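Undergrad: After the structure tokens below, expect a handful of questions from me.
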Amino acid sequence: MNGGPFTAFLEAGVRTATPLAYAALGELVVERAGVINIGLEGAIIGGAFGALVFAGAGGVSLGFAGAALAGILVAALFALFVVTLRTDQIITGTAMSMLGLGLTGTLYRTMYGSAGASLHTPTIAPAPVPGLSAIPVIGPALFDQPVVTYALYALVPALAWWFYRSVAGLALRAVGEHPEAARGAGISPDRVQWAALLFGGAMGGIGGGTLVLAQVGTFAEGMSAGRGFIAIAIVVLGRWTPFGVAGAALLFGAASALQTLAQTTGWAMPYQLPLAFPYVLTLVLLASARARTAAPAALGQRSA
Amino acid sequence: MTFLVRLARSQAGASVAATLLALAAVTLVVIAGGYDIGHAATALWNGSVGSPYSFFTGTLLRATPLIIVGLAVAVAFQAGVLNIGAEGQLLAGAATAVAAGLSMAAWPGWISVPVELVAGMAAGAAWAGIAAVLKRRFGVLEVISTLMLNFIALFGVSYLVRGPLQEPTHIYPQTASLAASARLPVIIPGQRLHLGFVAAVVLAIVAWWFIRSTAGGFRIRVVGAGAAAAASAGRVNVDRVVFGAFLASGALAGLGGAVQVTGVTYALFEGISPGYGYTAIAVALLARLNPLAVIVAGIFFGGLEAGGAGMQRDAGVPSGFVSVIEALVVLGVLAVDRARILAGERGQPTTGEQAA
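If you read the sequences in order, they're chains P and G. Using my numbering, the first residue of the first sequence is number 13, and each one after it goes up by one. Using my numbering, the first residue of the second sequence is number 635, and each one after it goes up by one.
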């Protein structure tokens with residue numbers, strides 16, 4: 013945390029980007045399979061709550077497992093409706109967000125009472141990488157973070173390899189582009205979309221768990237604060253590729269860290285301006301032809 | 635279950651069946667949570683319909699924005715436009731109405747109030763118009779664009795109430811209050827229910843008549859039923875109908891925001907909408923996109939929210955619970971609909987009305 017306000021800004025940017033990157037990478041896989049999960053918010057807040065319950069019982073590792081499990085449960089309900097029952101993805105997703113936010117709030121108050129604010133979970137401390145964390149300016153930002161952040165450095169290239177070089181990745185993308193053709197090739201679109209959604213739920217849950225276990229140290233009602241929707245923007249801005257999504261998550265993280273930088277340097281600027289910037293950028297990008305052709309062709313269409 | 639299946643054969647019946655399923659699930663959750671179900675039910679009743687105050691100032695006051703914004707969602711969905719940006723359009727309408735009202739403090743109410751409402755509608759339509767143009771010119775999915783615009787509107791309000799529109803002492807992140815003349819009048823002495831509720835009901839009736847009985851309404855239904863079919867049948871300019879419905883939807887959502895600031899809060903602040911734009915989706919869906927039924931669904935949800943507040947106050951049941959009920963109602967409608975389609979596919983004749 014030494015090295016001046018700019019280093020602190022980068023460090024905060026990466027920290028803020030971490031849960032967003034998890035959720036967005038999960039949503040990326042889901043959207044590549046042709047499903048848009050507006051209910052991701054429900055998986056994130058479910059994961060945050062799962063982290064609270066399980067970390068209280070068995071520490072940080074169990075907390076992350078509980079977060080993933082809770083995210084999977086929320087995603088399974090979504091998959092049951094959207095994939096198996098073929099309900100509208102957008103309306104179902106909206107209901108899942110409401111359900112996740114409402115249910116976690118209710119359970120939290122029921123299980124921990126209204127005095128729950130003083131409840132603290134064990135947290136995962138930053139683990140500086142020897143040598144690398146001493147690199148000037150970017151060292152602390154990239155290599156003095158908790159292990160969950162480092163896991164992303166492996167996950168992003170692994171996902172890119174999986175998408176373009178593995179049979180399963182090809183099958184996933186085929187379902188997202190043209191489910192009927194995929195079926196003709198012997199792939200079950202239902203099974204692929206179920207699997208993608210469960211993976212997306214686990215990732216969203218881990219994103220929520222990261223909020224609790226690596227950042228805040230406690231749970232608060234509605235603490236997902238729209239991150240599920242932000243993750244959907246990140247996938248668009250990242251043009252549906254793993255590296256693009258990672259970069260876009262960093263941009264959104266940096267945008268929200270910028271307000272702290274502006275405060276410490278006395279830079280007079282409405283802090284809402286950098287916060288709104290990534291959303292405006294996403295809209296502008298959507299209007300360009302290249303972004304639209306990057307979207308999976310069957311995105312959001314598979315019902316009835 | 636056969637009772638439910640039979641009930642679900644009709645349009646209204648599907649909503650009733652879904653609501654019953656949701657309430658049954660909720661009852662189980664309340665009992666599992668260790669709450670006294672009798673106590674909770676009494677608190678729900680008292681908070682929503684148990685007294686004139688709870689009915690007019692609780693239920694109907696909360697129903698007002700839900701009905702207006704529910705109409706916004708219903709009109710868009712009827713045309714096949716998945717406008718999930720009612721929240722942002724509502725905020726744009728609320729901010730513009732307050733700005734207009736504050737600059738007209740010296741004007742008589744019969745001028746300033748209509749100006750505020752029209753300004754709110756125009757702002758909501760303009761905010762939706764961004765997504766409508768992106769859809770028409772560039773084919774951008776409105777689901778994603780309206781979601782982005784919701785965030786931008788939220789940051790916009792946050793900026794306005796700390797910047798150009800902040801109250802004169804510059805302490806609180808909110809605007810000054812509207813002058814008494816610039817507010818919607820209360821319609822029942824001693825209650826807070828305002829003229830906006832009457833406007834909401836009238837609007838619903840007009841929207842119902844428009845969609846049912848006019849050429850424009852017919853075009854909206856045709857396009858919503860299948861854009862490709864409408865285009866190939868000729869005579870219907872799909873792009874124009876979609877664009878118009880999108881703007882009308884935004885105008886209604888903007889009006890919902892304007893009515894809320896001129897009738898309830900009298901000022902603009904960040905938390906002005908506890909997610910009306912999202913709850914409105916549940917309202918419209920429960921109403922099967924029928925504008926008249928939106929009145930009923932809006933009052934039902936308004937009653938749930940008023941009663942939910944009562945349950946938290948008197949029976950200790952957390953108010954997040956209301957969102958759970960709302961979500962289950964939506965999922966219930968979706969599931970019952972699906973069951974109906976599956977029943978139809980099995981060869982049973984569907985004698986119910988046509989889907990709107």
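Idealized CB from N, CA, C, for every residue including glycine. Model, not experiment: these values are computed from the prediction.
1) At a CB-CB cut-off below 7 Å, which residues of chain G make contact with P/M110?
2) Just verifying my parser: in three-state terms, what is the DSSP assignment at G/Q946?
3) Quick check: G/G735 and G/G758, are their CB atoms within less than 7 Å of each other?
4) Which residues in the same chain have their Cβ closer than 7 Å to the Cβ of G/V777, if we skip the five residues on either side of it in sequence?
5) Please confirm if G/S792 has its CB atom under 7 Å from at least one CB of chain P.
6) Any beta carbon from chain P within less than 7 Å of G/F934's own beta carbon?
7) Taking G/L657 as the reference, give the member of G/L938, G/S779 and G/A841 with the closest Cα.
8) Would you kindly check if the distance between the Cβ of G/R770 and the Cβ of G/D873 is under 7 Å?
9) What do you get for P/P142, buried or exposed, if any count of 16 or more other CB atoms within 10 angstroms of its CB means buried?
10) Is DSSP giving G/Q894 helix, strand or coil here?
11) Since G/F903 sits in a beta bridge, which residues does DSSP pair it with?
12) Quick check on the DSSP output: what are the complete beta strand (DSSP E) runs of length 3 or more inside the region 952-976 of chain G, in order along the chain?
13) Under a three-way DSSP split, which group does P/H190 fall into?
14) Which runs of the alpha helix (DSSP H) spanning at least 4 residues fall entirely within the region 651-729 of chain G, listed in chain order?
15) Please determine if the region 740-749 of chain G and the region 840-857 of chain G are in contact, where contact requires at least 3 C-beta pairs separated by less than 8 Å.
16) Name the one or two DSSP bridge partners that P/H132 has.
17) Along the chain, where does the alpha helix (DSSP H) that runs through P/P282 open and close?
18) Touch check for the region 225-234 of chain P and the region 249-261 of chain P: three-plus C-beta pairs under 8 Å?
19) Taking a cut of 8 Å between CB atoms, which residues from the region 776-802 of chain G lie near chain P?
20) Residues of chain G with CB closer than 8 Å to the CB of P/L113, please, in chain order.
21) Run through chain P and tell me which residues come within less than 7 Å of G/I915, C-beta to C-beta.
22) At the level of alpha carbons, what is the spacing between G/A646 and G/A918?
23) Here's the rule: buried if 16 or more other CB atoms are within 10 angstroms of the residue's CB, otherwise exposed. What is P/W252?
24) Measuring only between beta-carbons, confirm whether P/R251 sits less than 7 Å from chain G.
25) Verify whether the separation of the beta carbon atoms of G/A674 and G/V664 is less than 7 Å.
26) Return helix, strand or coil for G/V820, following the three-state DSSP convention.
27) How big is the Cα-Cα spacing for P/A63 and G/T803?
28) Please check if any C-beta of chain G sits within less than 7 Å of the C-beta of P/P308.
29) Please name the residue in G/P908, G/Q825, G/G950 and G/V951 whose C-alpha comes closest to that of G/Y687.
30) Taking all protein chains shown into account, do 16 or more other C-beta atoms lie within 10 angstroms of the C-beta of P/A310, making it buried, or fewer, making it exposed?
31) Could you tell me which chain G residues have their CB closer than 7 Å to the CB of P/S287, listed as they occur along the chain?
32) By the criterion of Cβ-Cβ separation under 9 Å, what are the contact partners of P/L245 in chain G?
33) Please work out which residues of its chain come closer than 6 Å, Cβ to Cβ, to G/A841, disregarding the five sequence neighbours upstream and downstream, and give them in chain order.
34) List the residues of chain G that P/E39 touches, going by C-beta distances under 8 Å, in chain order.
35) Compute the Euclidean distance between the alpha carbons of G/V964 and P/V160, then round it to the nearest angstrom.
36) Closest by CA to P/T118, which one among G/G668, G/P807 and G/A697?
TA: The answer reads as follows:
1) Y912, S957, E960 and A961
2) helix
3) no
4) L716 and I718
5) Yes - at least one Cβ of chain P is within 7 Å of the one on G/S792.
6) no
7) Of G/L938, G/S779 and G/A841, the smallest CA-CA separation from G/L657 is found for G/L938.
8) yes
9) exposed
10) helix
11) G/Q808
12) Runs of the beta strand (DSSP E) lying entirely within the region 952-976 of chain G and spanning at least 3 residues: none are present.
13) In the three-state reduction of the DSSP assignment, P/H190 falls in the coil class.
14) 671-682 and 695-712
15) no
16) According to DSSP, P/H132 bridges with nothing at all.
17) P/P282 -> no alpha helix (DSSP H), and no H or E assigned at all.
18) no
19) V777, I778, S779, L781, M782, L783, N784, F785, I786, F789, G790, S792, Y793, R796 and G797
20) G954 and S957
21) I103 and T106
22) 13 Å
23) buried
24) No, P/R251 does not count as interfacial toward chain G.
25) yes
26) strand
27) 43 Å
28) Taking Cβ atoms only, chain G never reaches closer than 7 Å to P/P308, which makes this a no.
29) G/Q825
30) Around the Cβ of P/A310, a 10 Å sphere holds 16 or more other Cβ atoms; the residue is buried.
31) With the sequence shown as reference, residue 287 of chain P is identified as Leu, and Ser is not the correct amino acid for it. Chain G residues near P/L287: F789.
32) One point to set straight first is that residue 245 of chain P is Ala, not Leu, in the sequence displayed. Those within 9 Å of P/A245 in chain G are I778, L781, M782 and F785.
33) Cβ within range, chain order: L705 and P925.
34) Neighbours of P/E39 across chain G, judged by C-beta separation under 8 Å, do not exist; the nearest C-beta is about 12 Å away.
35) 36 Å
36) Looking at the Cα atoms, G/G668 is the closest of the given residues.
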